[in-house]
Amino acid sequence: MSSATSVQNDVEQCTTETVDVAIIGAGPSGSIVASLLHAQGKKVLVLEKQHFPRFSIGESLLPCCMQVITEANMLEAVNQAGFQFKNGAAFRYQDKYTTFDFTDKFSPGPGTTFQVERATFDKLLADEACKQGVDIRYGHTVHSVALSGEPSLEISNEQGQTQTIKAKFILDASGFGRVLPRLLDLEKPSTLPTRSAVFNHVRDNISDPNFDRNKILISVHPDNQDIWYWLIPFSDGRCSVGVVGEPHQLAVVENGLDGDLDQLLKIMIDQEPGLKKLLANAELINQSGLLKGYSANVKTLATDKFALLGNAGEFLDPVFSSGVTIAMQSASMAAKTLLKQLNGETVDWQQDYATPLMKGVDTFRTYVEAWYDCRFQDTIFFDDPDPKIKQMICSILAGYAWDDQNPFVSESKRRLDMVVELCRS
Numbered sequence: 006m007s008s009a010t011s012v013q014n015d016v017e018q019c020t021t022e023t024v025d026v027a028i029i030g031a032g033p034s035g036s037i038v039a040s041l042l043h044a045q046g047k048k049v050l051v052l053e054k055q056h057f058p059r060f061s062i063g064e065s066l067l068p069c070c071m072q073v074i075t076e077a078n079m080l081e082a083v084n085q086a087g088f089q090f091k092n093g094a095a096f097r098y099q100d101k102y103t104t105f106d107f108t109d110k111f112s113p114g115p116g117t118t119f120q121v122e123r124a125t126f127d128k129l130l131a132d133e134a135c136k137q138g139v140d141i142r143y144g145h146t147v148h149s150v151a152l153s154g155e156p157s158l159e160i161s162n163e164q165g166q167t168q169t170i171k172a173k174f175i176l177d178a179s180g181f182g183r184v185l186p187r188l189l190d191l192e193k194p195s196t197l198p199t200r201s202a203v204f205n206h207v208r209d210n211i212s213d214p215n216f217d218r219n220k221i222l223i224s225v226h227p228d229n230q231d232i233w234y235w236l237i238p239f240s241d242g243r244c245s246v247g248v249v250g251e252p253h254q255l256a257v258v259e260n261g262l263d264g265d266l267d268q269l270l271k272i273m274i275d276q277e278p279g280l281k282k283l284l285a286n287a288e289l290i291n292q293s294g295l296l297k298g299y300s301a302n303v304k305t306l307a308t309d310k311f312a313l314l315g316n317a318g319e320f321l322d323p324v325f326s327s328g329v330t331i332a333m334q335s336a337s338m339a340a341k342t343l344l345k346q347l348n349g350e351t352v353d354w355q356q357d358y359a360t361p362l363m364k365g366v367d368t369f370r371t372y373v374e375a376w377y378d379c380r381f382q383d384t385i386f387f388d389d390p391d392p393k394i395k396q397m398i399c400s401i402l403a404g405y406a407w408d409d410q411n412p413f414v415s416e417s418k419r420r421l422d423m424v425v426e427l428c429r430s
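Position in the sequence shown (from 1) plus 5 gives the number in this note's numbering.
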């Protein structure tokens, strides 16, 4: 062999790498699925464009998440991290206030969870995956994907060095980055109307002794039920606060603020008397952020060569904190399906992964749509709820949207319509 050929082979060895599974993104779904696959002896490589910790919204977990965290052997680390304990959700509209206790639910499984600053939480999960032996590479960008023959990715690091990653399968856990939907032209308009969110973290300085830091507070605008607010307490005296509405309702120019998101957030908070009172002494910590047109969908969730996890596939709406739950559930489901394929079993990705996953997503969708047309708001704020029905609905709000034993999951739209009619009559 000539020296030139030897050098060429060495370069090819350095610039091409082969793994069982290439995972795009090290957020909750990426770290979880990597852990699950690594535990079964599969060689996985996680490619993350950013460096952790990094900011993200979606800070209020649902109890269902704790089952998947346990599957990935990360429960002890999460329990010991000092996150804010969470046992339910509170809702307020004008003079009405109601709560859902997640321990008083229909479905089996954990009834408590945490409210987390995602920068810390996501890094914790990624670090735990690394401790288990998972290879996570930060500062790596995916530029293209090829699916003819064995799947492969063309990537580069921050120094501009390029590399080809060959894999038996690709998992996209890139969240709002939606890498494969963009590269493979899988994007599809969401069925949900376009909405925007303005948000920030605050040093809340809440002195009201009746404020329950163990619950997320969802407040409805007193004059426009299309607009709602989240208030998510953290364990260190801070809160995540945000307002969601149609784009024109949260457009700084149309509100005469010339791009000042901090001022817009304050104006919107002041329009909800209860929230204004709670946050009277709050101090903004960061510059307010804006997320526009966040709802997304795709033409397909999976084939025998790739699968989309969490927000990379579909994101609904932040109103019931379903994003991380769907991400983790998709990670668990995809890992089980992929292990069968990698072990030589016949797999139908639509039947074995996409359809079961969408069962829970569509259950959440039922409640998101009913929130914005006010049918579910009428149900939540009904003065005399049936305890058994409330337990079944509470299970869905706690994340158990895949529990087919719950009639409000197996027939989500019909059952909710029935309750709405009873409440309104």
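Beta carbons: idealized from backbone N, C-alpha and C, even for Gly.
Quiz prompt | Reduced DSSP category for E159 - H, G, I as helix; E, B as strand; rest coil | solution = strand
Exercise. Answer yes or no: do E53 and R142 have a C-beta to C-beta separation smaller than 8 Å?
Key: yes
Practice problem: For the segment 18-34 and the segment 174-192, state whether three or more C-beta atom pairs, one from each stretch, are separated by less than 8 Å. | Solution: yes
Quiz prompt | Neighbourhood of A287 by C-beta, 7 Å cutoff - its chain only, sequence neighbours within 5 removed | solution = V207, R208, D209 and N210
Quiz item: Taking one C-beta from the segment 101-114 and one from the segment 403-410 each time, how about it: are there three or more such pairs within less than 8 Å?
Solution: yes
Quiz item: Could you give the residue range of the alpha helix (DSSP H) that holds P361?
Solution: T360 to Y377
Quiz item: In its own chain, which residues sit with a C-beta less than 8 Å from the C-beta of R200, not counting the 5 before and 5 after it?
Solution: V249, G250, E251, P252, G298, Y299, S300 and D322
Quiz prompt | the segment 39-54 touching the segment 127-145, judged by at least three CB pairs closer than 8 Å | solution = yes
Quiz prompt | Closest Cα partner of Q268 within the set N291, A359 and C428 | solution = N291
Quiz item: Is it right to say Y358 is buried, meaning 16 or more other beta carbons lie within 10 angstroms of its own, or is it exposed?
Solution: buried
Quiz prompt | 6 Å CB neighbourhood of Q45 in its chain, flanking five on each side removed | solution = L344
Quiz item: Going by C-alpha distance, which of Q346, E155, V246 and F311 is nearest T169?
Solution: E155
Exercise. Return the chain-ordered list of same chain residues with a C-beta closer than 8 Å to the C-beta of L188, the five sequence neighbours on each side being excluded.
Key: V147, S149 and V150
Quiz item: Any idea what DSSP makes of R218, helix, strand or coil?
Solution: coil
Exercise. Determine the burial state of A285: buried for a count of at least 16 other Cβ atoms within 10 Å of its Cβ, exposed for fewer.
Key: exposed
Self-check item: Neighbourhood of H43 by C-beta, 7 Å cutoff - its chain only, sequence neighbours within 5 removed
Solution: V49, Q137, G138 and V139
Practice problem: Output the distance between the C-alpha atoms of R97 and S417, rounded to the nearest integer angstrom. | Solution: 24 Å
Exercise. Starting from R420, follow the alpha helix (DSSP H) in both directions and report where the run begins and ends.
Key: S417 to R429
Quiz item: If you draw a straight line from the C-alpha of L176 to the C-alpha of H226, how long is it?
Solution: 39 Å
Quiz prompt | Close Cβ partners of D127 (< 8 Å) along its chain, the five nearest in sequence each way excluded | solution = A31, G32, P33, S36, F57, P58, R59 and S61
Quiz item: Can you name the start and end residues of the alpha helix (DSSP H) that L176 belongs to?
Solution: No alpha helix (DSSP H) contains L176, which is instead part of the beta strand (DSSP E) from T167 to D177.
Exercise. Indicate whether the contact test is met: 3 or more Cβ pairs, each with one atom in the segment 101-108 and one in the segment 392-403, closer than 8 Å.
Key: yes
Quiz item: Going by beta carbon distance, what residues of the same chain come within less than 7 Å of G279, once the five residues before and after it are set aside?
Solution: R97 and S224
Quiz item: Which whole-angstrom value is the C-beta distance of A403 and V414, which I expect to be below 8 Å?
Solution: About 12 Å separates the two Cβ atoms, so there is no contact after all.
Quiz prompt | Within 8 Å, strictly: CB atoms of L296 and N205 | solution = no
Self-check item: Bounding residues of the beta strand (DSSP E) (the contiguous stretch that carries K101)
Solution: K101 to D106
Quiz prompt | Inter-residue Cα distance where the pair is E133 and L80 | solution = 10 Å
Quiz item: Are there 16 or more other CB atoms within 10 angstroms of the CB of E319, so buried, or fewer, so exposed?
Solution: buried
Practice problem: Would you check if the distance between the CB atom of W376 and the CB atom of D309 is smaller than 8 Å? | Solution: no
Quiz item: If we call anything under 8 Å between Cβ atoms a contact, is L129 one with A82?
Solution: yes
Quiz item: What's the call for P238, buried or exposed, on a 16-neighbour Cβ count within 10 Å?
Solution: buried
Quiz item: Shortest alpha-carbon distance to T419 belongs to which of M333, D391, D389 and F381?
Solution: In the sequence under discussion, the amino acid at residue 419 is Arg, which differs from the Thr named in the question. For the residues M333, D391, D389 and F381, the minimum Cα distance to R419 belongs to F381.
Exercise. Taking only runs that begin and end inside the segment 64-93, name each unbroken beta strand (DSSP E) of 3 or more residues, in chain order.
Key: 89-91
Quiz item: Would you call the segment 332-341 and the segment 65-80 in contact, with 3 or more CB pairs under 8 Å?
Solution: yes
Practice problem: Identify every residue that forms a DSSP beta bridge with I2. | Solution: Any question about residue 2 goes unanswered here, given that the chain covers just 6 to 430.
Quiz item: In terms of DSSP beta bridges, what is G294 paired with?
Solution: F204
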